[in-house]
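With my numbering applied, the sequence shown corresponds to residues 10 to 104, in that order.
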Amino acid sequence: MSIIKGYTITGKMINKDTETGKWWVSLMEDNTFRNTIASLYDFIVETNANCDDAYNWVCESCGIDTFVADDWAWDCFWNVWDSARPVPHFECAHA
Numbered sequence: 010m011s012i013i014k015g016y017t018i019t020g021k022m023i024n025k026d027t028e029t030g031k032w033w034v035s036l037m038e039d040n041t042f043r044n045t046i047a048s049l050y051d052f053i054v055e056t057n058a059n060c061d062d063a064y065n066w067v068c069e070s071c072g073i074d075t076f077v078a079d080d081w082a083w084d085c086f087w088n089v090w091d092s093a094r095p096v097p098h099f100e101c102a103h104a
């Protein structure tokens with residue numbers, strides 16, 4: 010499946026499957042999803058959540074099964090997770 014991002018004539022974010030021609034409105038247009046993404050940074054920092062835990066938390070919070078095929082939503086999720094992701098704990102034997 011190849012997905013491209015676009016906009017409707019009214020400016021809503023959409024995704025289009027180039028193989029089937031089907032399109033759908035992005036979850037980024039959904040208030041529950043956007044509010045959850047707005048809380049995602051704090052969730053990751055407070056719980057030290059890895060990517061899978063953060064993804065599952067978003068899905069559970071929004072009552073959805075997945076959003077991987079929604080390029081707009083996935084990119085937004087990834088950007089937040091990448092900026093908040095836990096820093097690995099390294100121990101130096103030479104200290």
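Every residue, glycine too, gets a C-beta built ideally from N, C-alpha and C.
From a predicted model like this one, the values you see are computed outputs, not experimental measurements.
- Segment contact, 8 Å Cβ cut-off, at least three pairs: the segment 82–89 with the segment 35–45: Touching, yes.
- Message: Just to check my reading of the structure: I23 and T17 have Cβ atoms closer than 8 Å, yes? What is that Cβ distance to the nearest angstrom?
- Response: Looking up residue 23 in the sequence shown gives position 14. Looking up residue 17 in the sequence shown gives position 8. Contact flag correct, Cβ pair sits at about 6 Å.
- Could you have a look at V34 and say whether DSSP puts it in helix, strand or coil? Start at 1 with the first residue of the sequence shown, and residue 34 comes out as number 25. DSSP places V34 in the strand class (E or B) of the three-state scheme.
- Query: Among D61, F42 and W81, which one has its Cα closest to the Cα of I73?
  - Reply: Stepping through the sequence shown from its first residue, residue 73 is reached at position 64. For I73, the nearest C-alpha among the options comes from F42.
- Message: Just verifying my parser: in three-state terms, what is the DSSP assignment at N24?
- Response: Locating residue 24 in the sequence shown gives position 15, where the first residue counts as 1. Note: N24 maps to strand in three-state DSSP.
- Query: Looking at F52 and W66, is the spacing between their C-beta atoms short of 9 Å?
  - Reply: On the sequence shown, residue 66 is found 57 positions in, with the first residue counted as 1. On the sequence shown, residue 52 is found 43 positions in, with the first residue counted as 1. For the 9 Å CB-CB criterion, W66 and F52 form a contact.
- Task: List the DSSP bridge partners of G15.
- Result: Position 6 of the sequence shown holds residue 15. Paired residues: I23.
- Task: Output the distance between the C-alpha atoms of Y50 and D26, rounded to the nearest integer angstrom.
- Result: Here the question's residue 50 lines up with position 41 in the sequence shown. Here the question's residue 26 lines up with position 17 in the sequence shown. Cα to Cα, Y50 sits roughly 30 Å from D26.
- Query: If you run the structure through DSSP and keep just helix, strand and coil, what is D39?
  - Reply: The residue labelled residue 39 in the question sits at position 30 within the sequence shown. Three-state result, D39: coil.
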